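Trainee: First, the structure itself, so that you have it in front of you.
Residue numbers (full-length UniProt numbering): 1 to 421.
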């Protein structure tokens with residue numbers, strides 16, 4: 001398999017320098033620096049002569065944030081600089097609010113063809129939450145709210161959280177039975193009273209026309225699994241559709257410490273063109289005995305509200321994800337075995353072809369030797385009649401079955417007589 005595409009870092013600046021933060025900066029400091037810089041250099045706020053330079057600066061800021069905003073990428077960069085990153089690590093997320101109609105259409109077309117295109121929450125949305133420039137509807141446990149949000153728009157909700165809810169564990173889920181793509185966001189209040197985005201979960205397709213996203217605050221660990229590899233990514237190696245399917249399985253990010261009080265949530269419209277229809281609900285999970293999978297599927301399709309209606313029981317989730325982790329390790333081992341077997345097979349096929357050519361060549365050479373031995377004239381290109389001509393110039397046999405025998409066998413039988421059965 002080809003190695004990941006290396007990163008050309010000649011023109012890249014240190015992401016810490018780009019964001020203006022120290023190497024010991026906290027996640028919160030990085031988020032704040034990114035929000036301020038991205039807002040200042042956003043294409044919508046820089047038109048005319050400054051548009052081009054602002055766009056380049058905005059791209060540089062987004063690239064820096066893509067490294068430092070991801071704990072794993074930041075760890076690798078801190079350990080080995082750009083040399084420890086791949087080109088795919090620096091794929092910039094697309095801001096839908098900054099795209100024109102043509103660019104949006106092109107991005108939508110590539111996405112439909114299977115090209116993975118990441119989208120970002122626009123800086124304006126982050127700024128609106130930070131400054132409190134938004135209206136929020138109350139969200140209560142067990143009460144589903146169905147609504148619509150414009151493309152690249154945001155609907156905010158506040159949830160009153162008690163210590164009992166935190167101790168018991170809860171889930172905030174959203175789904176769209178219209179197939180709309182969206183992001184489920186959670187914001188954390190700073191000491192100064194502003195709101196900073198803490199968690200983001202992109203919706204995923206789970207069946208035809210159904211997209212779901214959830215924020216899980218449970219005692220057990222849950223996992224995020226990305227979309228299946230695209231047909232373009234697996235065109236040369238179709239088997240990677242299986243071997244790489246579980247490689248994106250990672251524990252979901254959870255806040256270090258939840259506090260009782262108000263929680264700010266939002267649904268961001270992530271469709272390319274149309275508004276998003278969705279349902280959001282905060283759920284206190286029911287016991288496993290009270291949560292039947294068939295009942296849940298039916299109610300989720302209807303968009304009704306009930307504890308456990310946004311997912312199967314915690315016990316089932318834990319069991320299935322545990323089995324998937326086991327399968328992932330098994331797949332890694334099997335992939336090595338498969339690659340070795342595949343390589344051996346390809347070598348065997350090549351060897352088979354080589355030996356086949358050698359044997360066929362020797363058989364042809366043997367035929368020529370017998371022709372010379374028997375002083376058979378060369379009849380190639382001459383016309384004639386009779387059995388000999390009908391048999392292509394070889395020694396004639398009286399029947400079609402005889403004609404089907406290999407030439408060398410007919411020669412031998414002409415010398416020593418038919419082989420006894």
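Where a beta carbon is used, it is the ideal one built from N, C-alpha and C, also for glycine. A quick note: this is a predicted structure, and the numbers were derived from the prediction, not measured.
(1) Any idea if residue 125 is buried or exposed, counting beta-carbon neighbours within 10 angstroms, 16 or more meaning buried?
(2) Do residue 264 and residue 189 have their CB atoms nearer than 9 Å?
(3) Name the one or two DSSP bridge partners that residue 175 has.
(4) Thinking just about the alpha-carbon of each residue, which of 184, 197, 193 is nearest to the one in residue 203?
(5) Just to confirm before moving on: does the CB-CB distance between residue 38 and residue 62 stay below 9 Å?
(6) What is the residue span of the beta strand (DSSP E) that residue 158 lies within?
(7) Select from 36, 60, 29, 41 the residue whose C-alpha is nearest the C-alpha of residue 54.
(8) Applying the criterion that 16 or more other CB atoms from any shown protein chain within 10 Å of the CB defines a buried residue, is residue 220 buried or exposed?
(9) What are the complete alpha helix (DSSP H) segments, minimum 4 residues, inside the region 182–265?
(10) According to the neighbour-count rule (16 or more other Cβ atoms, all chains shown, within 10 Å of its Cβ), is residue 35 buried or exposed?
(11) As an exercise, report each continuous alpha helix (DSSP H) stretch of at least 4 residues that is fully enclosed by the region 308–352, in chain order.
(12) Span of the alpha helix (DSSP H) holding residue 76?
(13) Which residues in the same chain have their Cβ closer than 7 Å to the Cβ of residue 155, if we skip the five residues on either side of it in sequence?
(14) So does the region 152–168 actually touch the region 275–287, counting three or more Cβ pairs closer than 8 Å?
(15) For residue 186, which residues of its own chain have a beta-carbon under 6 Å away from its beta-carbon, when the five flanking residues on both sides are left out?
(16) Does the count of Cβ pairs from the region 236–248 and the region 205–212 closer than 8 Å reach three?
(17) Assign residue 345 to one of two classes, buried (16 or more other C-beta atoms within 10 Å of its C-beta) or exposed (fewer than that).
(18) Is residue 321 near residue 222, with beta carbons less than 9 Å apart?
(19) Can you tell me whether residue 13 is helix, strand or coil according to DSSP?
(20) What's the gap between the Cα of residue 29 and the Cα of residue 21?
(21) Look up residue 18 in the DSSP assignment and say whether it is helix, strand or coil.
(22) Determine which residues share a DSSP beta bridge with residue 149 and list them.
(23) Use the C-beta contact count for residue 269: other C-beta atoms within 10 angstroms, 16 or more gives buried, fewer gives exposed.
Mentor: The answer reads as follows:
(1) buried
(2) yes
(3) 212, 279
(4) 184
(5) yes
(6) 154–161
(7) 41
(8) exposed
(9) 240–243
(10) buried
(11) none
(12) 71–80
(13) 147, 149, 266, 267
(14) yes
(15) 198, 199, 215, 265
(16) no
(17) exposed
(18) yes
(19) coil
(20) 7 Å
(21) helix
(22) 276
(23) buried
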